[in-house]
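S.K.: Protein chains in written order, with the working numbering: chain A, 1 to 146; chain B, 1 to 205. Ideal Cβ placement from N, Cα and C applies to all residues, glycine included. All figures in this text were calculated on a predicted structure; none of them were measured in a lab.
This is the structure in structure tokens:
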């Protein structure tokens with residue numbers, strides 16, 4: 001695994017580490033998850049925000065909802081290796097001032113074309129759905145949302 | 001997952017009757033023509049008159065054998081209304097979409113993180129005006145907000161994925177993506193209900 005990198009973001013190398021992504025209730029419809037949660041922002045900051053895999057999915061959900069006050073239907077996961085397979089490396093960038101603790105980003109910079117980003121977002125969405133919901137609050141089961 | 005090289009393609013997007021030649025490895029190129037149901041080639045006249053940017057996309061891509069994706073469940077059976085059987089409006093679908101749209105409209109800046117943006121009210125109004133068209137689409141159209149303040153509509157017809165992105169700046173991006181043949185079209189233009197309706201209707205022709 002990665003070592004200390006003295007305040008600089010560093011690339012994650014364990015392909016089996018599952019990064020944790022929250023999904024907003026309005027990004028789920030009819031039992032399916034949109035590709036939107038896995039679609040990076042337009043422009044230069046082409047990242048998708050996640051938490052590191054050593055954080056539990058339940059804790060990731062709790063931080064997102066309780067600490068930051070955002071909505072989520074649950075925690076899904078994308079492995080570092082799944083991102084690499086599609087040209088999306090992952091970075092631990094929790095050292096950055098704007099990043100919360102244990103933050104990691106899926107980096108779409110290798111895909112400047114919009115269509116490639118959309119295709120990769122679909123692939124990562126499909127991988128996350130195939131893995132299943134890693135944590136959902138009691139009223140929402142994984143099978144209902146995935 | 002099986003990955004095989006496809007090669008380089010060149011796509012001229014939105015040029016009336018849209019024809020592509022794809023040098024796919026191991027298969028004959030298959031021209032594709034996309035038309036609206038009643039009015040001829042996709043967005044030929046109205047798009048030409050808009051402030052649009054047409055992109056030529058050159059992509060070196062890999063073919064990825066499709067894997068199991070989460071199926072998007074269909075709405076309840078549509079209700080046929082009016083004198084014409086061709087006028088199909090899913091009333092329950094309209095109501096469900098309207099409920100979701102109004103919920104999305106309430107998202108404030110910061111709704112999903114410190115830099116996430118609210119959805120442009122004009123985008124909401126535009127989609128609101130098209131809810132019967134969206135609900136009547138023969139394919140399940142899903143709607144979702146993106147952190148960039150973008151309202152996204154998406155649906156699939158077989159291997160072809162359709163996406164509408166209503167941007168925060170009043171523009172919209174219409175895309176079709178046929179991954180099996182590595183054919184991609186994209187056009188960005190001013191958000192316009194007429195053009196968007198034709199795009200949605202054309203996709204189900």
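Could you have a look at residue 161/B and say whether DSSP puts it in helix, strand or coil?
M.R.: strand
S.K.: Between residue 132/B and chain A, is any beta-carbon pair separated by less than 8 Å?
M.R.: no
S.K.: Verify the CB distance criterion: does residue 29/A have a CB-CB separation below 8 Å to chain B?
M.R.: yes
S.K.: Would you mind giving the Cβ-Cβ distance between residue 34/A and residue 133/B, rounded to the nearest angstrom? I have them listed as a contact below 8 Å.
M.R.: The pair is not a contact, with the Cβ atoms about 20 Å apart (cut-off 8 Å).
S.K.: Name the DSSP bridge partner or partners of residue 146/B?
M.R.: DSSP, once it has assigned bridges, lists 150/B as partnering residue 146/B.
S.K.: Determine, using beta carbons only, whether residue 111/B comes closer than 8 Å to chain A.
M.R.: yes
S.K.: Exposed or buried, which one is residue 61/A when buried takes at least 16 other CB atoms within 10 Å?
M.R.: buried
S.K.: Hey, would you say residue 115/A sits closer than 8 Å to residue 184/B, going by beta carbons?
M.R.: yes
S.K.: If we ignore side chains and look at the alpha-carbon of each, how far apart do residue 168/B and residue 118/B end up?
M.R.: 8 Å
S.K.: Check distances from the C-beta atoms of the region 7 to 36 of chain A to those of chain B and list, in chain order, the residues that come in under 9 Å.
M.R.: Listed by position, the residues of the region 7 to 36 of chain A near chain B (Cβ gap below 9 Å) are 22, 24, 25, 26, 27, 28, 29, 30, 31, 32, 33, 34, 35, 36.
S.K.: Using the Cα positions of residue 179/B and residue 159/B, report the straight-line distance between them to the nearest angstrom.
M.R.: Taking the straight line from one Cα to the other gives about 6 Å.
S.K.: Would you mind reading off the limits of the beta strand (DSSP E) that contains residue 61/A?
M.R.: Segment 57 to 62 is the alpha helix (DSSP H) holding residue 61/A; no beta strand (DSSP E) there.
S.K.: Say whether chain B places a C-beta atom closer than 8 Å to the C-beta of residue 118/A.
M.R.: yes
S.K.: Quick one, are the C-beta atoms of residue 107/A and residue 88/A less than 8 Å apart?
M.R.: yes
S.K.: Quick one: using the 10 Å Cβ neighbour count with 16 as the cut-off for buried, is residue 27/A buried or exposed?
M.R.: buried
S.K.: To the nearest angstrom, how far is the alpha carbon of residue 64/A from that of residue 71/A?
M.R.: 7 Å
S.K.: Between residue 19/A and residue 80/A, is the Cβ-Cβ spacing less than 8 Å?
M.R.: yes
S.K.: Of all Cβ atoms in chain B, is any one closer than 8 Å to the Cβ of residue 49/A?
M.R.: yes
S.K.: Which residue comes first and which comes last in the beta strand (DSSP E) that contains residue 22/A?
M.R.: 18 to 23
S.K.: Could you spell out where the beta strand (DSSP E) holding residue 187/B opens and where it closes?
M.R.: 183 to 190
S.K.: Taking the alpha helix (DSSP H) that residue 131/A belongs to, which residues open and close that run?
M.R.: 114 to 131
S.K.: Check the Cβ of residue 114/A against every Cβ in chain B and list those closer than 8 Å, keeping chain order.
M.R.: 173, 175, 186
S.K.: Determine the contact status of residue 36/A and residue 124/B, defining contact as a CB-CB distance below 8 Å.
M.R.: no
S.K.: I'd like to check one pair, residue 105/A with residue 49/A: are the Cβ atoms closer than 8 Å?
M.R.: yes
S.K.: Answer with yes or no whether the minimum CB distance from residue 70/A to chain B is below 8 Å.
M.R.: Taking a beta-carbon distance threshold of 8 Å, residue 70/A counts as an interface residue toward chain B.
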